[in-house]
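Trainee: Take this structure, written in structure tokens, and hold onto it; I'll ask about it next.
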Amino acid sequence: QVQLVGSGGGLVQPGGSLRLSCVSSTSIFSMNAMNWYRQSPGKERELVAGILLGGITKYAESVKGRFTISTDNGKRTVYLQMNRLKVEDTAVYYCNAGSDWRGRYWGQGTQVTVSS
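My numbering numbers the first residue of the sequence shown as 5 and each following residue consecutively.
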């Protein structure tokens with residue numbers, strides 16, 4: 005069973021930055037895709053960013069140019085660097101991993117709140 009532990013959320017002002025981390029219990033090389041999703045109240049969970057084993061990335065239109073997904077295979081960690089944060093980025097962010105852009109494994113979620 006793969007376990008994903010996400011961290012790094014918090015309260016930040018609009019325009020600020022946060023970096024989320026997700027540590028996997030198994031090698032990232034055992035996953036074809038590592039992803040970040042988010043969900044805000046009353047909305048469906050949406051893909052924010054994903055990265056395939058070969059390095060191909062995918063971003064939601066709303067975060068392109070502001071968020072960057074990356075991995076450190078040695079640390080079994082996937083990161084989400086979030087810059088120029090907006091109020092509408094407020095959500096619970098979930099790490100996800102598996103064979104494609106919506107894998108079978110989920111982390112526990114970390115709250116990101118963007119507010120002045």
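Backbone N, C-alpha and C define an ideal beta-carbon position, used for all residues, glycine too. Owing to the predicted nature of the structure, the values given are computational and were not obtained by experimental measurement.
(1) Do L24 and A37 have their C-beta atoms within less than 8 Å of each other?
(2) Going by Cα to Cα distance, which pick from D104, S11, Q115, F71 is closest to G58?
(3) Can you tell me whether I55 is helix, strand or coil according to DSSP?
(4) If you draw a straight line from the C-alpha of R70 to the C-alpha of Q5, how long is it?
(5) Tell me the DSSP secondary structure of V91 in three-state form.
Mentor: On the basis of the supplied data:
(1) no
(2) D104
(3) strand
(4) 33 Å
(5) helix
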